[in-house]
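Here the structure is laid out as structure tokens; the discussion comes afterwards.
Number of protein chains: 2
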Amino acid sequence: MKVLVLGGDGFCGWPTSLHLSDIGHDVTIVDNLSRRAIDLELEVESLTPIRPMGERLRAWHEVSGKDVNFVRLDLAEEYDRLAALIRDVQPDAIVHFGEQRAAPYSMRDEAAKRYTVDNNVRGTHNVLVAISESGLDTALVHLGTMGVYGYGWSGSAPIPEGYLTVKVPTPDGDIEREILHPANAGSVYHLTKTLDQLMFGFYAANDQIRITDLHQGIVWGTQTPQTVRDERLINRFDYDGDYGTVLNRFLMQAAIGHPLTVHGTGGQTRAFIHIRDTVRCIQIALENPPAKGEKPKIFNQVTETHRVRDLAQMISGMTGVEVANLPNPRREAAENELNVAREQFLALGLDPTTLSEGLLEEIRDIAQRYAGRADTTKIVARSTWRRGMETAPDLR
Amino acid sequence: MKVLVLGGDGFCGWPTSLHLSDIGHDVTIVDNLSRRAIDLELEVESLTPIRPMGERLRAWHEVSGKDVNFVRLDLAEEYDRLAALIRDVQPDAIVHFGEQRAAPYSMRDEAAKRYTVDNNVRGTHNVLVAISESGLDTALVHLGTMGVYGYGWSGSAPIPEGYLTVKVPTPDGDIEREILHPANAGSVYHLTKTLDQLMFGFYAANDQIRITDLHQGIVWGTQTPQTVRDERLINRFDYDGDYGTVLNRFLMQAAIGHPLTVHGTGGQTRAFIHIRDTVRCIQIALENPPAKGEKPKIFNQVTETHRVRDLAQMISGMTGVEVANLPNPRREAAENELNVAREQFLALGLDPTTLSEGLLEEIRDIAQRYAGRADTTKIVARSTWRRGMETAPDLR
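Chains as they are written, first to last, in my numbering: chain A, 172 to 567; chain B, 172 to 567.
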């Protein structure tokens, strides 16, 4: 299968590109290297020493004998080059990770809010228009987020995989309607993924594009069976206040003896998935596209759920590092339950990596090994959801 | 009240600006003149001889003694100037008409699709971010569209004003939830208004912006009590295949003896409102904003509904001009019922202009008077929803 991986230089995109290449697909990475540029802006680096794309691809060729192509291209700004690329490559599928993906960064300031909307909405729409213009039957697999659903909206019902059947009152009695789960975005970043969903619904119906949207939980872990094959293939690990995600940040904090930073009560329950399962899910989604003319297929790409304070306690218990309760810079419920439907990937063969299997390995092989690269002034979250919300000082 | 009217040079924006000035508000029009630029692109002109903005404003000053300000500015491209303008003017309210507003134009080709999304989403988001950045309590009134709801989705229930209470099944029995009416966009243009709604919900909650969204039907008529005061104040009248709307196009066709062009069966039922009522609705919306922290207030801005073929028969009966049934270039249901809740504006004092009052006046004062300016090669709709859909030849 010929596959374009948009955003193939990023945390999920890079290991997915290698996985798809490893199982025999002809992969072309498309990326504008924006994630590396944001590192420069934020004056922070991946904890792991990621290599430039050219070196990554040479290393992959050395260890696998396989070639992955790379095109540097901005999805939002360079439509004509994108359309030409699709015409030239004639991809069977496009995997779309090419969006600004951090909630705190998206709330950082006016420029970041505007960049997130402008980049994500225009980029995704350009991909849809370019597929339509090509006349090809290219399938699209897009990385969404569990954050489109909000937390607690469904009461005791599990969050369904994208669609919800509701009863609508009418003068002739209730009628059943299947709707896209109502959008409850918690940040400008999450908002863009709710906008993407509406664009997907329209282009699936009008242009008959075959689209799969993957509502992913918080990804943890770093390496996959491909990225461990050579240190030059190592995946990125973000721990800073804007791009770091909660579980990996705890692991890194544990490794350097920094207090585990819990924002608010820690009563937030969130969904998680290991990066090894992410790349498998993408493969499964590629192998099971919807039919032409069908509505977008939506999967919840999560394997377990945990309360943030429980994770902190677990890691504190394993490592002896204390927990620090900090002010919450986000507007969100202090406490929530979370019950997520996730039958589809399990039915299609996903065998999840659990926290209990992977946590110690991650602390040992990544967080401790690269601890010397950490900048402790970058750990505490400083982007606030509203002007004037309290943040904590550096803890070390 | 200090009011910015974004898109104040357009078909709804211009008469609204004059109405608000006439009742004593301090009005600043903000417009990039994009609608006039698209006329150049499409090689078509308003049937009525609209004047340049400078002449319009001089004429308004002559007849009313009032000054309306004008700032030429692109909402999507010139964020910094927009933010500075809001800081300088400190508006009590912003009325936002500044979006590409034609469904057929939005489906014309890849460039028009991309322009519609890029312009409308970025422009609206920039307005929200600029209000937030200003720290002011500026209220926002936005022109939406009835097209966000789709046609026929609600069964026998009237389309509610924005929000719908549904029953969601849970293990503990059904729970009631109020949701934004599910989006059912029929074109890329309508899609952008469904994206706007989600942005409004987020910024109303997170930034406590007071937002009103007006889901308007198809506007007919041309003049208001202000625009008739001098021919230099005349409002635009679009009749071409991309920007013309169905009822005004029938009136113009009747005036020049061109067959009344019904696309498909004419069984489409649509909602209508006279331009005189549009400007009154905007005034009512400005006078009744939601409170800070409330969800966006949504009104259905329509006064009556009609089936397209019934309108054609009515006008054919009045004028003797024949009806021509042409292929439908849109993807839409051939026939639909339409029942729209519209209690809010009526309760707040709107006294609608009905078709029976205004039709003959419109044919006499506008369509017949300016018939000599019509270009009959521009009448038939040529933008198709999918490549290869059939369109009709010119009929004259």
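For every residue, glycine included, the Cβ atom is placed at its ideal position computed from N, Cα and C.
Roughly how many angstroms lie between the CA atoms of E465 (chain B) and S277 (chain A), to the nearest whole one?
Along the second sequence, one-based indexing puts residue 465 (chain B) at 294. Along the first sequence, one-based indexing puts residue 277 (chain A) at 106. Each residue's Cα considered, the two are about 23 Å apart.
Residue-level contact to chain A via CB, D180 (chain B), 8 Å cutoff
Residue numbering aside, residue 180 (chain B) sits at position 9 when the second sequence is read from its first letter. Chain A contact via Cβ: absent.
If we require 3 or more residues per run, which beta strand (DSSP E) segments fall completely within the region 362-390 of chain B?
382-387
Between which two residues does the alpha helix (DSSP H) containing L509 (chain A) stretch?
As a position in the first sequence, residue 509 (chain A) is number 338, starting the count at 1. From DSSP, L509 (chain A) is part of no alpha helix (DSSP H); its letter is neither H nor E.
Nearest to I469 (chain A) by alpha carbon, out of A:A512, A:Y410, A:V450 and A:I486?
Sequence index remark: in the first sequence, residue 469 (chain A) carries index 298 (1-based). The option with the nearest alpha carbon to I469 (chain A) is A:A512.
Nearest-angstrom Cα separation, counted from S358 (chain A) out to N377 (chain B):
For the purposes of this step, residue 377 (chain B) is taken as the residue at position 206 of the second sequence. For the purposes of this step, residue 358 (chain A) is taken as the residue at position 187 of the first sequence. Approximately 8 Å between the Cα atoms of the pair.
Within this structure, are the beta carbons of M370 (chain B) and L218 (chain B) separated by less than 8 Å?
Against the second sequence, residue 370 (chain B) aligns to sequence position 199. Against the second sequence, residue 218 (chain B) aligns to sequence position 47. It is not a contact, given that the beta carbons lie outside the stated cut-off.
When the Cα atoms are used, what is the spatial distance from G321 (chain B) to A356 (chain B)?
To locate residue 321 (chain B), count along the second sequence from 1; it is residue 150. To locate residue 356 (chain B), count along the second sequence from 1; it is residue 185. Whole-angstrom Cα-Cα distance: 6 Å.
Minimum length 3: unbroken beta strand (DSSP E) runs contained in the region 192-275 of chain A
197-202, 240-243 and 264-267
According to a CB-to-CB cut-off of less than 8 Å, which residues of the region 317-331 of chain A neighbour chain B?
W324, S325, G326, S327 and A328
For G392 (chain A), report the span of its beta strand (DSSP E) as first-last.
Sequence index remark: in the first sequence, residue 392 (chain A) carries index 221 (1-based). Note, G392 (chain A): premise wrong, no beta strand (DSSP E); not H, not E.
Using a Cβ-Cβ distance cut-off of 8 Å, determine whether V201 (chain B) contacts chain A.
What you label residue 201 (chain B) is simply residue 30 of the second sequence in a count that begins at 1. So, not an interface residue.
So, under 8 Å CB-CB, I380 (chain A) and L299 (chain A) are touching, yes? Tell me the CB distance rounded to an integer number of Å.
What you label residue 380 (chain A) is simply residue 209 of the first sequence in a count that begins at 1. What you label residue 299 (chain A) is simply residue 128 of the first sequence in a count that begins at 1. Yes, they are in contact, since the Cβ atoms of I380 (chain A) and L299 (chain A) sit about 6 Å apart, within 8 Å.
How is the alpha helix (DSSP H) around H296 (chain A) delimited, first residue to last?
Taking the first residue of the first sequence as 1, we reach residue 296 (chain A) at position 125. Taken as a continuous stretch (DSSP letters only), the alpha helix (DSSP H) holding H296 (chain A) covers E281 to S305.
Who are the Cβ neighbours of T316 (chain B) in its own chain at under 7 Å, not counting the five residues just before and after it?
Position 145 of the second sequence, counted from the first residue, corresponds to residue 316 (chain B). Around T316 (chain B): H361, K364, H386 and Q387.
Applying a beta-carbon distance threshold of less than 9 Å, which residues of chain A neighbour A495 (chain B)?
Position 324 of the second sequence, counting from 1, holds the residue named residue 495 (chain B). Under the 9 Å cutoff, chain A gives no residues; its nearest Cβ is about 26 Å from A495 (chain B).
Quick one, which residues of the region 262-282 of chain B are near chain A if we go by CB-CB under 7 Å, in chain order?
E281
Does the beta carbon of A255 (chain B) come closer than 8 Å to any beta carbon on chain A?
Mapped onto the second sequence, residue 255 (chain B) falls at position 84. A255 (chain B) does not count as touching chain A.
Got a sec: which bits of the region 531-556 of chain A sit with their beta carbon under 9 Å from any beta carbon on chain B, in order along the chain?
W556
State buried or exposed for A375 (chain B), treating a residue as buried only when at least 16 other CB atoms are found within 10 Å of its CB.
Locating residue 375 (chain B) in the second sequence gives position 204, counting from the first residue. Classification for A375 (chain B): buried.
With C-beta atoms as the reference, is T524 (chain B) less than 8 Å away from R480 (chain B)?
Position 353 of the second sequence, counting from 1, holds the residue named residue 524 (chain B). Position 309 of the second sequence, counting from 1, holds the residue named residue 480 (chain B). Taking 8 Å as the Cβ cut-off, T524 (chain B) and R480 (chain B) do not qualify as a contacting pair.
Considering only the beta carbon of each residue, do R258 (chain B) and S325 (chain B) sit closer than 8 Å?
Taking the first residue of the second sequence as 1, we reach residue 258 (chain B) at position 87. Taking the first residue of the second sequence as 1, we reach residue 325 (chain B) at position 154. For R258 (chain B) and S325 (chain B), no; Cβs fall outside 8 Å.
Out of curiosity, what's the CA-to-CA distance linking S188 (chain A) and R229 (chain A)?
In the first sequence, counting from the first residue as 1, residue 188 (chain A) sits at position 17. In the first sequence, counting from the first residue as 1, residue 229 (chain A) sits at position 58. Rounded to the nearest angstrom, the two C-alpha atoms are 14 Å apart.
As a quick exercise: from B:A545, B:L530, B:I455 and B:L482, pick the residue whose alpha carbon is nearest that of G520 (chain B).
Within the second sequence, numbered from 1, the residue matching residue 520 (chain B) stands at position 349. Considering only alpha carbons, the answer is B:I455.
Straight-line CA distance for K237 (chain B) to E402 (chain B)?
Here residue 237 (chain B) refers to the residue found at position 66 of the second sequence. Here residue 402 (chain B) refers to the residue found at position 231 of the second sequence. C-alpha separation (whole angstroms): 17 Å.
For K549 (chain A), count the other beta carbons within 10 Å of its own beta carbon; 16 or more makes it buried, fewer makes it exposed. Which is it?
The residue given as residue 549 (chain A) occupies position 378 in the first sequence. Looking at its Cβ environment, which holds 16 or more other Cβ atoms inside 10 Å, K549 (chain A) is buried.
Can a CB atom of chain B be found closer than 8 Å to the CB of L177 (chain A)?
Residue numbering aside, residue 177 (chain A) sits at position 6 when the first sequence is read from its first letter. No - not a single Cβ of chain B is within 8 Å of the one on L177 (chain A).
S327 (chain A) and D522 (chain B) - do their beta-carbons sit closer together than 8 Å?
Locating residue 522 (chain B) in the second sequence gives position 351, counting from the first residue. Locating residue 327 (chain A) in the first sequence gives position 156, counting from the first residue. No, they are not a contact pair.
To the nearest angstrom, how far is it from the Cα of P430 (chain A) to the Cα of E514 (chain B)?
Here the question's residue 430 (chain A) lines up with position 259 in the first sequence. Here the question's residue 514 (chain B) lines up with position 343 in the second sequence. If you take the alpha carbons of P430 (chain A) and E514 (chain B), they lie about 57 Å apart.
For R348 (chain B), which beta-bridge partners are listed by DSSP?
The residue given as residue 348 (chain B) occupies position 177 in the second sequence. Bridge partners of R348 (chain B): B:V337.
I need the DSSP call for K468 (chain B), collapsed to helix, strand or coil.
Counting from 1 along the second sequence, the entry for residue 468 (chain B) is found at position 297. In the structure shown, K468 (chain B) sits in a strand (DSSP, three-state: E or B).
Contacts of I350 (chain A) in chain B (Cβ-Cβ under 7 Å):
Start at 1 with the first residue of the first sequence, and residue 350 (chain A) comes out as number 179. Near I350 (chain A) (Cβ distances below 7 Å), the residues of chain B are P353.
With 8 Å as the limit, tell me which residues of the region 511-524 of chain B have their beta carbon closer than that to any beta carbon of chain A; keep them in chain order.
none
Taking CB distances under 8 Å as the criterion, tell me whether P498 (chain B) reaches chain A.
Here residue 498 (chain B) refers to the residue found at position 327 of the second sequence. By this cut-off, P498 (chain B) is not an interface position.
Determine, using beta carbons only, whether A254 (chain A) and A310 (chain A) come nearer to each other than 8 Å.
Stepping through the first sequence from its first residue, residue 254 (chain A) is reached at position 83. Stepping through the first sequence from its first residue, residue 310 (chain A) is reached at position 139. No; because the gap between Cβ atoms is not below 8 Å, this pair is not in contact.
Using the Cα positions of F241 (chain A) and D263 (chain A), report the straight-line distance between them to the nearest angstrom.
Counting from 1 along the first sequence, the entry for residue 241 (chain A) is found at position 70. Counting from 1 along the first sequence, the entry for residue 263 (chain A) is found at position 92. Roughly 17 Å separates the two Cα atoms.
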